[in-house]
Amino acid sequence: MITIEEYNKLPVDCIIRSGLISNSPTGCFMTRDENISLLKFVVVKRIEGWIIYFGLVDWDYEQIARNGDESISLDIIDKVFPCIPEIRELYIH
62 MITIEEYNKL PVDCIIRSGL ISNSPTGCFM TRDENISLLK FVVVKRIEGW
112 IIYFGLVDWD YEQIARNGDE SISLDIIDKV FPCIPEIREL YIH
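Residue numbers (our numbering): 62 to 154.
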């Protein structure tokens, strides 16, 4: 897990973490489109904290960071970016 010291050294707009998550009730259910089984995600540091964005697997991670759908669910954090409480408090919601 990332420490608060490591987090504070990261530049604004950097992608902290990226990956894939299932598009399902047990993953991240962003769309009911049965043809979309996976979504890409990025965790991005912003001036005021950090945020998670989701996009389609054929998008690159930079494209998702610019144009992805924001997560508004705190439950998603533990699935894609488990972190210490100090960092979790910086989540933009």
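In this text, a Cβ means the ideal position worked out from N, Cα and C, and glycines have one as well. Being a predicted model, the structure only gives us computed values, none of them experimental.
Where the alpha helix (DSSP H) through residue i begins and ends
i      : result
Ile148 : 146–149
Tyr68  : 65–70
Asn128 : 122–128
Boundaries of the beta strand (DSSP E) in which residue i is found, first to last residue
i      : result
Val141 : Where Val141 is concerned, there is no enclosing beta strand (DSSP E), although the alpha helix (DSSP H) it sits in stretches over 135–141.
Tyr114 : 110–116
Ile82  : 76–83
Val73  : Taken as a continuous stretch (DSSP letters only), Val73 belongs to no beta strand (DSSP E), as it is neither H nor E.
Contact set for residue i: own chain, Cβ-Cβ below 8 Å, skip 5 residues either direction
i     : result
Lys75 : Per the sequence presented here, residue 75 reads as Cys, with Lys not at that position. Val105, Lys106, listed in sequence order.
Nearest candidate by alpha-carbon position, reference residue i, set the options
i      : options                       : result
Tyr122 : Val73, Glu150, Leu100, His154 : Leu100
Ile112 : Arg78, Trp120, Ile82          : Arg78
Residue environment, residue i, which counts as buried when at least 16 other CB atoms sit within 10 Å
i      : result
Ser134 : exposed
Asn84  : buried
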